[in-house]
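Here the structure is laid out as structure tokens; the discussion comes afterwards.
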Amino acid sequence: MSTNKKTITVSGVEVDVIRKSIKNLHLSVCPPDGKVKLSSPERFDDDRLRLAIISRLPWIRKRQEEFRKQPRQSERVYVDGESHFFRGNRYILKLEEVRGKSGVTHCNNAVLRMNVKKNTSIQRRADLLAEWYRQYLKIEVAKLLERWQPIVGRQPDGWKIQKMKTKWGSCNTNTKSILINLELAKKSPECLEYIVVHELVHLHERRHNDRFRCLMDEFLPTWRSARDKLKSEPLAHEDWEY
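Heads up: the sequence shown at position 65 corresponds to 65 in my numbering, and the numbers run straight through without jumps.
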């Protein structure tokens, strides 16, 4: 796929434009600082892009303000006594030096214990916690799919957990596959449920239009409160890129 990049400024808003071999415009406002990205078909000229951006300026500014207000963790270094989130709650990390197998265990409502060998690197400690989160999500997402597939009336051909920078989940309607963001292990269970249902509903309707919202209202009437909760819970510190 060929691409070319440039920056367009509209009413004081900088937009990073990437032209690709695609059919439709895709606009996103990215955490943590609200950077705006626009993926455009190669045939669209700058004037058409500016008009598209102008039409979405109120939404862009609203999303940027939401990111500015959202609490954010400082950079994690995975040391004893550091706080980490799991299922929407804050836990204290307790490091235990061991000679045997490294790993993470959920001790109680306040502590996550990480067993590590002496001189384990920060990256290795980060990987251990990420893998623990991944295993948790594999179990929980499987349970949620088993519950919600007959209700929504759709079943993906495949799904996986993946760390993503700009989306909590995604659905490829061509391959009928779903991706769930690894970061959702840190969020409240109702947030994870909302994303799973959201992506299943995309197997009915690809776009976020009135039909999509009506289907969400039918299947999960509380989806808006779950969405708001997801927006309000702290974001991880990241070197966010896209």
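The beta-carbon is built from N, C-alpha and C at its ideal position, and this holds for glycine as well.
Does F249 come out as helix, strand or coil in the three-state DSSP assignment? The first residue shown for the chain is 1 and the last is 242, placing residue 249 beyond what the model contains.
Look up P58 in the DSSP assignment and say whether it is helix, strand or coil.
In this structure, DSSP gives P58 a helical state, which the three-state scheme calls helix.
Checklist entry - Can you check whether the CB of R134 is closer than 8 angstroms to the CB of N178? => result Just to set this straight, residue 178 is Ile in the shown sequence, not Asn. Contact: no.
*In or out: H198 buried (at least 16 other Cβ within 10 Å) or exposed?*
Buried is the call here.
Which listed residue (R76, V196 and C171) has its alpha carbon closest to that of R124: Closest option to R124, Cα to Cα, is R76.
Contact between the segment 135-143 and the segment 107-121 (3+ Cβ pairs under 8 angstroms)
The answer is no - the segment 107-121 does not touch the segment 135-143, with fewer than three Cβ pairs under 8 angstroms.
Alpha carbons only, please: which of L235, V196, C171 and V152 is nearest the one belonging to E183?
When L235, V196, C171 and V152 are compared, the shortest CA-CA separation from E183 is found for L235.
For V116, list the residues DSSP reports as bridge partners.
V116 has E97 as its beta-bridge partners, per DSSP.
Subject >> Span separating the alpha-carbon of I151 from that of M216 >> reply: Distance between the alpha carbons of I151 and M216: 11 angstroms.
Next on the checklist: With distance defined between alpha-carbon atoms, name the residue in R207, A226 and N115 nearest to V196.
Outcome noted: When only C-alpha atoms are compared, the closest one is A226.
Open item on the list: I need the straight-line Cα distance from L112 to E233, nearest angstrom please.
Closed with: Their Cα atoms are separated by approximately 19 angstroms.
Is any non-hydrogen atom of the ligand ATP found closer than 7 angstroms to the C-beta of V17, if you look at the structure I gave you? No copy of the ligand ATP occurs in the structure displayed, which carries no ligand at all.
Item to complete: Could you tell me which of F67, N89 and T173 sits nearest to A185, measuring between CA atoms?
Response: Nearest neighbour of A185 by Cα position, chosen from F67, N89 and T173, turns out to be N89.
Check your understanding: How many angstroms separate the CA atom of K101 from the CA atom of V116?
Key -> K101 and V116 have their C-alpha atoms some 8 angstroms from each other.
Notebook entry, point to check: Alpha carbon to alpha carbon, how far is P32 from K69?
Noted result: Rounded to whole angstroms, P32 to K69 spans 10 angstroms at the Cα level.
### Buried versus exposed call for K143 [16 or more other C-beta atoms within 10 Å across all chains shown]
Exposed.
Subject >> Bridge partner(s) assigned by DSSP for N4 >> reply: N4 pairs with R19.
request  = Apply the 10 Å Cβ neighbour rule to G153 and answer buried if 16 or more other Cβ atoms are within range, or exposed otherwise.
outcome  = Burial call: exposed.
- Message: Which of the three DSSP states is assigned to Y78 in this structure?
- Response: For Y78, the three-state secondary structure derived from DSSP is coil.
Excluding the five sequence neighbours on either side, which residues of its own chain have a C-beta within less than 6 angstroms of the C-beta of W132, listed in chain order? So the qualifying residues of the chain are V104.
inquiry  = What does the Cβ neighbour count give for H106, buried or exposed, with the cut at 16 atoms within 10 Å?
reply    = So H106 ends up on the exposed side.
For L95 and T166, the rounded distance between their alpha carbons: Those two C-alpha atoms are separated by around 31 angstroms.
Original post:
How about S28 and K37: are their beta carbons less than 8 angstroms apart?
Top reply: Cβ atoms of S28 and K37: closer than 8 angstroms.
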